[in-house]
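The structure appears right after this line, and notes come after that.
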Amino acid sequence: MPCKLCIERGKPWKGDDPRCAFEKETFSPDNWNCATMNALRSIAERRGHTHRDDMGPCSIGFVPFEGADAGYIVMSWYKNRGRTGNAIVMQDSEIRTFTYQDARDALAYNALVTEEAR
Ligand SMILES: [Zn+2]
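Residue numbers for the sequence shown, in our numbering: 723 to 840.
What follows is the structure, encoded as C-alpha cells:
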C-alpha cells in the first residue's frame with residue numbers, strides 16, 4: 723500500500739502513475755513522485771540543505787529529524803525530477819536503511835520546527 727501522503731494526494735495529473743517509495747516499510751529507489759519524498763525534498767530546499775549539479779553527479783539534500791533514532795535523511799536525485807534515486811539515514815558514526823518511520827518522524831519534527839519559527 724502507498725504511503726499516507728500519496729493516498730491523500732491521489733493523482734491530480736494526467737500521464738504516468740506515481741510510484742510510492744514506501745510500498746514496504748523501507749525506502750525503494752524504484753519511485754516516482756512519491757508525496758512523502760516530495761515533502762522531504764521541499765523541506766530540504768526550504769532549509770537551504772540542497773545542492774544541485776546537473777552536469778556533475780546529481781542533486782543532493784538532507785533533512786534532520788529527532789525521535790527514537792535521530793539522524794539525517796540524506797537523499798539524491800537527478801535535476802528536479804520526480805524520482806529520488808537514493809535515500810539513507812546518516813548518524814554521527816552510522817549509515818543505515820531509511821524507513822517509513824524515519825520519514826514520518828522527519829515530517830513531524832520539521833512541522834514542529836516550522837511552527838516554532840512563527
Ligand atoms: Zn508515497
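Glycine included, C-beta positions come from ideal geometry on N, C-alpha and C.
Strand pairing of I795, partner residues [DSSP]: Reading the sequence shown from its first residue, position 73 is the one you call residue 795. Answer by DSSP bridge pairing, in chain order: V785 and V811.
Below-9 Å beta-carbon distance, S764 vs any chain C residue: No chain C appears in the structure shown, which is made up of a single protein chain.
Rounded straight-line distance, which links the Cα of F749 to that of R741: Translated into positions along the sequence shown, residue 741 becomes position 19. Translated into positions along the sequence shown, residue 749 becomes position 27. Between R741 and F749, the C-alpha separation is close to 12 Å.
Checking the sheet assignment: what are the DSSP bridge partners for T806? Counting from one through the sequence shown, the residue named residue 806 turns up at place 84. For T806, which the question treats as bridged, DSSP gives the partners W799.
If you draw a straight line from the alpha carbon of G732 to that of P779, how long is it in whole angstroms? Locating residue 732 in the sequence shown gives position 10, where the first residue counts as 1. Locating residue 779 in the sequence shown gives position 57, where the first residue counts as 1. Taking the straight line from one Cα to the other gives about 31 Å.
Given that a residue counts as buried once 16 or more other Cβ atoms are within 10 Å of its Cβ, and exposed if not, what is A790? Counted from its first residue, the sequence shown places residue 790 at position 68. With fewer than 16 Cβ atoms within 10 Å of its Cβ, A790 is classed as exposed.
Where I817 and R768 are concerned, what is the direct C-alpha to C-alpha distance, given to the nearest angstrom? Position 95 of the sequence shown holds residue 817. Position 46 of the sequence shown holds residue 768. I817 and R768: Cα-Cα distance of roughly 24 Å.
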